[in-house]
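Protein chains in written order, with my numbering: chain Y, 661 to 1510; chain W, 2 to 439.
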Amino acid sequence: MIRTCLSWTGSLFALLLGAGEIVAGESNLPAPSLPSEPLFSRHIVPLFGRLGCNAGACHGAVQGKNGFRLSLFGADPASDHERLRREFGGRRLNFTDPAQSLLLLKATGQVPHEGGKRLLVGGAEYQSILGWIARGAPLDPLDKSKLTGLLLTPEQQTLRPGASYRLQVLATFADGSQEDVTALSTFESRDGAVATVSLEAHVQGMGPGSAALLARFRGQPVVSRVFVPAEAKAAFPEVKEHNFIDRHVLDRLRQLHWHPAELCDDVTFLRRVSLDVTGALPPPDEIRAYSADRRADKRNRKIDELLSRPDHAALWATKFCDILKPHYREDDRFFSEGAQVRRFYEWFRTRLQENVPYDQIVERILTATSAEGRTKDEVLKELEAMALEDAAFSTDLKAYASRRTLDLYWLRPNAGGVPGTIQIAHAFLGLRLQCAECHRHPTDVWQQDDLLSFANFFMRVGRGGEKPSPAEQKQQAEETKKLTEQVKKLRDQAKAKDVAKDESDRLLAEAADLEKKAGMAARFNYLRSTFTGVAPAARASFASVSSSLGKADSKTFRLLGAATAVTPAPDQDPRELVVAWMRKTDNPYFAKAIVNRVWAHYMGRGIVDPPDDLSPLNPPTHPELLDELCRGFIASKYDLKWLHRTILVSRTYQQSSQANASSRADAAHYSRFALRRLPAEVLVDAINHATGGSETYPAVAYVPPGTRAIEVPGDAIVRSRVPASTGIQAAATSGYALELFGRPRRDSSNLCDCDREGAPSLVQGLYLAAFPDLLRKVGNPQGRAAQIVKDHADDARRIEEVFLWTLARLPTASEQRFFREHLQKSPSGQQGVEDVLWLLLNTREFLLNH
Amino acid sequence: MRHGCTSFQNLTRRDFFRIGGVGLFGLSTPSLLEARAANPRARQMIILWLGGGPPHIDMFDMKPDAPAEVRGPWKPIGTKLQGLQVSELMPNLARSADKYTVLRSVNAKGYPDEGQHGAGAAWSWLTANRRDRRSNSPKFPAYGSVLAKVRPGPADLPGFVTFGDIGRESYLGPAYEPIEFKLDDPADRLTTMLAPAPMDITALDRRTELLKSAEQHLRRLDKEEPLIAGLDRFQQQAVDLLRSPKLREAIDLKREPTKSAERYGKGAQCRRVLAARRLIEAGVPCVHVQFHGFIGWDFHGGQGTFAKAVQLISEFDTACAALLEDLEQRGLLDSTIVYAGGEMGRSPKPESTVGSRNHWNDAQSILVAGGGFRRGCVVGATDKNGAYVTDKHYTVASLGRTFYELLGIDADQELYTPDKRPVKIVGEDAPLIQEALA
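#1: Applying a beta-carbon distance threshold of less than 7 angstroms, which residues of chain Y neighbour V240/W?
#2: Out of curiosity, what's the CA-to-CA distance linking E436/W and V147/W?
#3: Which ranges would you report for the alpha helix (DSSP H) in the stretch 112 to 165 of chain W if only whole runs of at least 4 residues count?
#4: Spell out whether any CB of chain W is found under 7 angstroms from the CB atom of H987/Y.
#5: Comparing alpha-carbon positions, which option in R745/Y, E1145/Y, P758/Y, E774/Y lies nearest E781/Y?
#6: Could you give the C-beta distance for L1508/Y and R1265/Y, rounded to a whole number, given that I count them as a contact under 8 angstroms?
#7: Counting C-beta neighbours from all protein chains within 10 Å, is the total for S171/W 16 or more, i.e. buried, or is it exposed?
#8: How many Å lie between S1322/Y and L873/Y at the Cα?
#9: Within 10 angstroms of the Cβ of V23/W, are there 16 or more other Cβ atoms? Answer buried if so, exposed if not.
#10: Shorter than 7 angstroms from the beta carbon of E226/W to some beta carbon of chain Y?
#11: Among the residues of its own chain, which have a CB less than 6 angstroms from the CB of G27/W, if the five just before and after it don't count?
#12: Which term fits Y417/W, buried or exposed, when burial requires 16 or more other beta carbons within 10 angstroms of its beta carbon?
#13: Do you know offhand how far A69/W's Cα is from E1132/Y's?
#14: State yes or no: is the C-beta of T396/W within less than 7 angstroms of the C-beta of A431/W?
#15: So, using beta-carbon positions, are A122/W and E352/W closer together than 7 angstroms?
#16: Taking 8 angstroms as the cut-off, does the stretch 912 to 919 of chain Y touch the stretch 1493 to 1506 of chain Y (at least 3 CB pairs, one atom from each stretch)?
#17: Would a C-beta distance cut-off of 7 angstroms place L1012/Y and W1070/Y closer than the cut-off?
#18: Please name the residue, chosen from L407/W, L328/W, D411/W, that lies closest to P440/W on a Cα-to-Cα basis.
#19: Looking at the unbroken alpha helix (DSSP H) that takes in M1046/Y, where does it start and where does it end?
#20: Please report the residue range of the alpha helix (DSSP H) in which E1023/Y lies.
#21: Can you tell me whether V424/W is buried or exposed? The criterion is at least 16 other CB atoms within 10 Å of its CB, across all chains shown.
#22: Please state whether DSSP places T192/W in a helix, a strand or coil.
#23: Give the straight-line distance between the Cα atoms of V311/W and P55/W, rounded to the nearest whole angstrom.
#24: DSSP state of M1263/Y, grouped into three classes?
#25: Around the C-beta of Q1094/Y, are 16 or more other C-beta atoms found within 10 angstroms, so that it is buried, or is it exposed?
#26: Could you tell me which chain W residues have their CB closer than 7 angstroms to the CB of W1498/Y, listed as they occur along the chain?
#27: Tell me which residues share the same chain as T1055/Y and place their Cβ nearer than 7 angstroms to its Cβ, disregarding the 5 neighbours each side in the sequence.
#28: Which class does Q1389/Y belong to by DSSP, given the choice of helix, strand or coil?
#29: Is L730/Y near G720/Y, with beta carbons less than 7 angstroms apart?
#30: Give me the residue from V1205/Y, V1309/Y, S1296/Y with the minimum Cα distance to V937/Y.
#31: Could you name the residues of chain W that P1514/Y contacts, counting a contact when the two beta carbons are closer than 7 angstroms?
#32: What is the DSSP secondary structure of R1337/Y, reduced to helix, strand or coil?
#33: Please name the residue or residues paired with G809/Y in a DSSP beta bridge.
#34: Determine, using beta-carbon pairs with one atom in the stretch 90 to 109 of chain W and one in the stretch 368 to 387 of chain W, whether at least three such pairs fall under 8 angstroms.
#35: In terms of residues, what are the limits of the beta strand (DSSP E) holding L623/Y?
#36: Just checking: is the beta-carbon of R358/W within a distance shorter than 7 angstroms of some beta-carbon in chain Y?
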C-alpha cells in the first residue's frame, strides 16, 4: 500500500503521519476539544456554523429567521456581534445571568425555537458560549483572527470497511498562531456509501470506492480523501500499460482491489473511436479493411487517421459551440440568424482543422476585436464579402472563417459585464460563479468581490458598430429605391404579352441579380452597423450588480484566486492580462478545464465531475493523473491533438465496457469503458448512415442539403419551435429528433455542460420504434434496405450488411440463424430486410457507444 | 358567504415541524410523511389553463352593486350554492356549483412578469415558484413533472400529458417533461406514432413481436448497467404504449358517444377537455389543457372583444361543467384535482369598448374541485369593485402547497437540478388554504 501512496502528491505527508491502511480500530488522535477562553470570531462564530445557526436555511438567510439574522456561514463576525449585542433590546445576551440569555434559551429549546434544540444545557459547546457571555461577550481583534490556512489531516487514508479513524482540522491565523479547530468544524462525506463522517470527525469505512471528505471551518472548506478497498478475492491481473494514464488508473484500481476489464475487440474499438473522434459510424468497407489489417499498431494508426479527418474538427467545433453558446435567446433577432451562428461554428472548425494551439484559440476569442489592427478599407471589404454570402444564402461562409479573431463572441448580448464574466469563468476555467453574483457563494469558496473584481477585466469591451451618416443613409435609401424600381420595371417587361420566352427569362434573371444587389447593400449596411464595434473602449467602467440583496461593486482588477489587485496600463486592453494569467503554467484552472472536458468526452465522466465544476470542494478522483495530463498538455504547447491522442491510445480508453465480478460497484475509477448514449447529432447521423437517409435544411440555415447533423451549428434552425419573427422555418425532420435526444440549446442563459442531455426517455423509445419519418427512411425504396436487397441475393450476406451498417460488426452465429429464419418467413426479401434494419436500430447496441 | 371549513383535522405544516422538529428545517417525521404519501386524497390532476387573464368580475366574482362600467355587461345568476352568483354566461357551472370551490383571494403579487403575459407569470401558477427567465432561477417543474418524478403512474401510460405547448423544460430533465398531443393537427408526431394507420399497426405488431423474440438471440450489453436498465425500461414502456390500446383509445375522440361529446361544447378547446377526461379515466396522473392558447383570455378593447368574451366564457362553462359531471359520475372526482385559472385577473374598469378589461394583478378567481377540495365553497373576498383582496389573502405558493398536500407530496422535499443544486418543490414557505379543504 505504501508503494502506491508514493506516487501520489501528498503521499509524503501521509507517510509522515504514519497513514498506512487502517484495518481495524482507529488512530490515536485526542478527542476534539474546545478552548477554555473562546474568542468570538475564532470560536463562537464557527460554533454557530457547526450548530447550523448561520446556514442559508436558518438565520444565515438573507432576511434572517424570525427577526434574527447572522451572516451566511459567519462571513462577517463584526456584524454578527453587533446584532447579538444590540438588537432585540439587548435581550439576546444577559450579562447578569448569562444562562438566561435568549441566545442560549432558544438554542437549547428552553423557550420555543423553530429551529429545534441545537445545544445541550451544560455541554461543552454550551459552556463555551456561556463563558464568553459571562466575560462580557467581547469581540476579539478581527485582523489577528483572519484565517490564513486550513489543513485537514490525514489528506488521504486507506481504510477497511468497518474500520475508522479521526480527522483533524488545523487552522492558521493571521497572527501566526495555529490551532486545532476540529471541534469547531463541520464534516461531510461526498459518498456515504464509501465512508461516513460524524460531527466528532470520526470517519467510518462503509463499502468499496473512494470518497472526498469535506470539512468546513468558518465557511472555509478543506478536503481530504478516503479509499476503501474491496475484498481481494484474486490476484490482480497482469495488464500492460500503454502510457502514464494507465499507470495512474491501474494504481488506483490495484489499491481498491478492483480488476480492470479486458481490452475491447478490434471491431468494437473501431466503432467506438470513430464515434468519439469523428461522430460517425465506420462504413462496412472500412470495418472489413480494419479487421483484415494485421499490423500490431493498427489502433494507433487509426487514431491518427481519424484525428486528421475534417469530421473530427466538425465534431469539436460543435462541442465548442456547446461550451461557448453562440446562440442567445430565441427572441434575439441578431443571433437567431443562421448565418452568424454558422460563422461562429465555421471559425472554430477552421481553427481546429489548422490545429491552432488551444491557448491561442482562447486568446483570439478573449482579446478579439473587429478591426484586428487592419485598415478600415480592409475591414469593409471583409464585410462586403459577408454581405454577399448572406444575400445569396451561401452554403459556404468562407469570409469570416479566415479572420484571426472571433469578434462574434463579443457581439452576443451579455458577452461582457458580469454575466459575460460568469460565462468566461465557466467556459475557459470550468468554474461556476453564478451564485456569487448576488451573494457569497453558499457552496463554494467564491465571494461576490472575487467575481466583480474579475469582471472588471471585461468591462471595457466596446460594441455597437458604425452608423452611416445621415447623408450616407439618404444616398443608400435612394439607391435602394432606384434598384427596387428597376427590378419592378424589368419584371413588368418580362410579363408583357409580346415578349419571347428567352427574352423574358433574360429579363427575369437580370431582375433577380439586381434584387440580390439591393439585398446585399442592405445587408452590408446592417453588418457595418453591427460588426465593426468590438474594440477596447477608452472609457473605464466598473462592475456592479444590484439585486434584491442589495448593491455591490468593485473598482479593482483582481484575477480569480489572487490575493492582490493589479493595475492595467492606461493604453492596455485589460483582457490581455487575463489571457497572460491563463497562460501561466501554474494557472490552477485554465489547462485543467479543457483537459478535464476532453477526458470526460472520451471517458464518460470527468476526473473532476461534473467536468465544469473545478471547485476546490469538488476534488478530482485522480489528482496526480489530472496534473500529469495538464503538464503534458502545456508542454505540448497546448496541442489539442496531443491531448486527444494521449487519451485515446491509453489502455484505459480501450477497455471493454463489460464489468467483471470484482469491479461491478465501480462508477468512477475507470475499471471499464463507460457506456453512453450517442449524442443527439451523432445519433441522427447514425440513423441516416444506417438507413441511407439524409436531411434537407431551409436556406436560412446556410448549409448545403445532406449536411450531417454534427455540422449544423447553433440551435434555432433545428428546433421545432421557432418564433415566427426570426423568419426561420423549423427544419424538416431532424429537428424533432435533435430536440428529443437532448441537443443543447447553446444559449448563454443556461451555463452548464449538462445542457446536453444524455438521459433516456419514453418519447425517445417511441421515436425509434414508431416515428413515421424514421419508418419512411427504413422503408425508402432508394434507401439502404432496398440497396442491400438489390446488391445481394443471399440472406446471410444481406443480414451481414445490415449489421455492418447499423452495429458496425458482423452478426454472431446465433443472430445470423435467428434473422435468417425471419427472412425465410417474410413474404418478401425487402420486407424482411426492413424488419431487421428496424430491429437493429432499436437495440441498445445501436443507441450506445460501448 | 365564506364557508369556513371547521372539519379540517389534518396537521398543518407547522405541526409537522413541531412533531418532527429535532433536526434541521424541513425534516419531518418520516412515518407521517410516508402515511400521507401512501394514502393521498388526490391521485390525479387536471389543469384547465385560462392563459391571458380571465375576467373574474365577469365570471366568479360578480359585482352587481358596483357602478355600471365596473359590473360589466353580464348579469349575475344564482347557483346551487347559496350565496354564490356567477355570470349569466355560465349556466352550467351555476348548476354544478355544489361541486367546486371558488378562490377569490389568491394572487401572484410580486412574482415574475406579474400583470403581464410573460412566461414567468404562467410559471408562477403552474409551478408555485418564482421561475424567471431573466435570471438564473432554477427551471422549476410544472405540477405534472413533479408528479411524474415523485409518483409515477402506470407503466403503459405517460406521466404527464399536455394539450398545447406550455414550455416543457424543467430542471428535472426531459424524462419528466410532458408529452404534448396536438389534437387538431393531423400530422401530430405523437399521435401518428401512437395511433398509426391499421396497416402500420400490423407492421408494428410484427416488429415488436420480433424484437421480443430476438432478445435472447442478440448479443447483449451488460444488463446490470444503470444506463442499459434505463433504456430497457423506456423501450419496454414505449413498446407497451404502442401495443396497449389504452392511450391510443383515450385520445381517439371518435370513440366517445356523440351525445356525451357534445356536452363539452363544439370548439377545439372543448375537445381538449374531453380528451383530458378520457386520459384521466385511462389512468394518466396529470393532464394540462391549454384552454385557448397562451394568451387567449386577453380582453383588451376593440372590435370583437365582447363576442370573444361570450365565446370563451361559454365554452369554458360547458366544458368545465361537463368535466366535473363526468368525473363525478365515474367516481373520479374525489381523487382528481381540477384546477382552472389564468395568470391574472382583469381590471374593474373597461379598457375601452364594452366587455373589454385591462390586465389586473391584484385580484382574480380560481376554480378548484375534487381531490379533497371542498364541494361548494367560496374562499376569500374582494372589495366592492373586485379590485383588491380584502379577506384571506393567499399566494401561489399557498395554492401549490395545498395541491401537494392533497397529492400526498411533501412540498419541502428537495429535488436536484442537473448541476446538483438542491431545490425544494415549493421554495417559499406559505400556509395551506385550509378553508378550501374538505
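Here a beta-carbon is modelled for each residue, glycine too, at the ideal position from N, C-alpha and C.
Per the coordinate set shown:
#1: Within the second sequence, residue 240/W is the residue found at index 239, counting from 1. Result: A1429.
#2: Start at 1 with the first residue of the second sequence, and residue 436/W comes out as number 435. Start at 1 with the first residue of the second sequence, and residue 147/W comes out as number 146. If I take the Cα positions, the gap works out to 25 angstroms.
#3: 120 to 128, 144 to 151
#4: Looking up residue 987/Y in the first sequence gives position 327. With 7 angstroms as the cut-off, H987/Y does not count as an interface residue toward chain W.
#5: Numbered from 1 along the first sequence, position 121 holds the residue referred to as residue 781/Y. Just to set this straight, residue 781/Y is Val in the shown sequence, not Glu. Residue P758/Y is the option with its Cα nearest to V781/Y.
#6: Against the first sequence, residue 1508/Y aligns to sequence position 848. Against the first sequence, residue 1265/Y aligns to sequence position 605. With 8 angstroms as the limit, L1508/Y and R1265/Y do not qualify as a contact, their Cβ atoms being about 15 angstroms apart.
#7: Residue 171/W sits at position 170 when you count from the first residue of the second sequence. Burial call: buried.
#8: Numbered from 1 along the first sequence, position 662 holds the residue referred to as residue 1322/Y. Numbered from 1 along the first sequence, position 213 holds the residue referred to as residue 873/Y. One C-alpha to the other measures close to 25 angstroms.
#9: The residue given as residue 23/W occupies position 22 in the second sequence. At V23/W the pLDDT is 33, less than 50, meaning the model places this residue with poor confidence and gives no usable figure here.
#10: Numbered from 1 along the second sequence, position 225 holds the residue referred to as residue 226/W. It does: the Cβ of E226/W has a partner Cβ on chain Y nearer than 7 angstroms.
#11: In the second sequence, residue 27/W corresponds to position 26, counting from 1. Since pLDDT at G27/W reaches only 35, below the 50 mark, its modelled position is unreliable, and no value is offered.
#12: For this step, residue 417/W is matched to residue 416 along the second sequence. Exposed: under 16 other Cβ atoms inside 10 Å.
#13: Locating residue 69/W in the second sequence gives position 68, counting from the first residue. Locating residue 1132/Y in the first sequence gives position 472, counting from the first residue. Rounded to whole angstroms, A69/W to E1132/Y spans 58 angstroms at the Cα level.
#14: Residue numbering aside, residue 396/W sits at position 395 when the second sequence is read from its first letter. Residue numbering aside, residue 431/W sits at position 430 when the second sequence is read from its first letter. Yes, the pair counts as a contact, with Cβ atoms nearer than the cut-off.
#15: Translated into positions along the second sequence, residue 122/W becomes position 121. Translated into positions along the second sequence, residue 352/W becomes position 351. No, the pair does not count as a contact, with Cβ atoms beyond the cut-off.
#16: no
#17: Here the question's residue 1012/Y lines up with position 352 in the first sequence. Here the question's residue 1070/Y lines up with position 410 in the first sequence. No. Outside cutoff.
#18: Residue coverage of chain W in this structure runs from 2 to 439, which leaves residue 440/W outside it and unanswerable.
#19: Within the first sequence, residue 1046/Y is the residue found at index 386, counting from 1. Taken as a continuous stretch (DSSP letters only), the alpha helix (DSSP H) holding M1046/Y covers 1036 to 1051.
#20: Here residue 1023/Y is taken as the residue at index 363 of the first sequence, counted from 1. 1018 to 1026 is the span of the alpha helix (DSSP H), which, as asked, contains E1023/Y.
#21: If you number the second sequence from 1, residue 424/W lands on position 423. When all chains shown are included, V424/W counts as buried.
#22: Along the second sequence, one-based indexing puts residue 192/W at 191. Helix.
#23: If you number the second sequence from 1, residue 311/W lands on position 310. If you number the second sequence from 1, residue 55/W lands on position 54. C-alpha separation (whole angstroms): 12 angstroms.
#24: Numbered from its first residue, the first sequence carries residue 1263/Y at position 603. M1263/Y: helix per DSSP, three-state reduction.
#25: Position 434 of the first sequence holds residue 1094/Y. By the neighbour-count rule (16 or more Cβ atoms within 10 Å), Q1094/Y is buried.
#26: Here the question's residue 1498/Y lines up with position 838 in the first sequence. Ordered by position in chain W, the residues that pass the 7 angstroms Cβ test against W1498/Y are R208.
#27: Your numbering for residue 1055/Y matches position 395 in the first sequence. Same-chain partners within the cutoff: Y1362, V1363, P1364.
#28: Reading the first sequence from its first residue, position 729 is the one you call residue 1389/Y. No answer about Q1389/Y holds up, because its pLDDT of 39 lies below 50 and its placement is not dependable.
#29: The residue you call residue 730/Y lines up with position 70 of the first sequence. The residue you call residue 720/Y lines up with position 60 of the first sequence. Taking 7 angstroms as the Cβ cut-off, L730/Y and G720/Y qualify as a contacting pair.
#30: As a working mapping, residue 937/Y is identified with position 277 in the first sequence. The shortest C-alpha separation from V937/Y is found at V1309/Y.
#31: Examination of residue 1514/Y is not possible in this model, given that chain Y is present from 661 through 1510 alone.
#32: Here residue 1337/Y is taken as the residue at index 677 of the first sequence, counted from 1. It is a strand residue.
#33: Within the first sequence, numbered from 1, the residue matching residue 809/Y stands at position 149. Partner(s): T832/Y.
#34: yes
#35: Look at the range of chain Y in this structure, 661 to 1510, and you will see that residue 623/Y is not part of it.
#36: Taking the second sequence and counting its residues from 1, one reaches residue 358/W at position 357. No - not a single Cβ of chain Y is within 7 angstroms of the one on R358/W.
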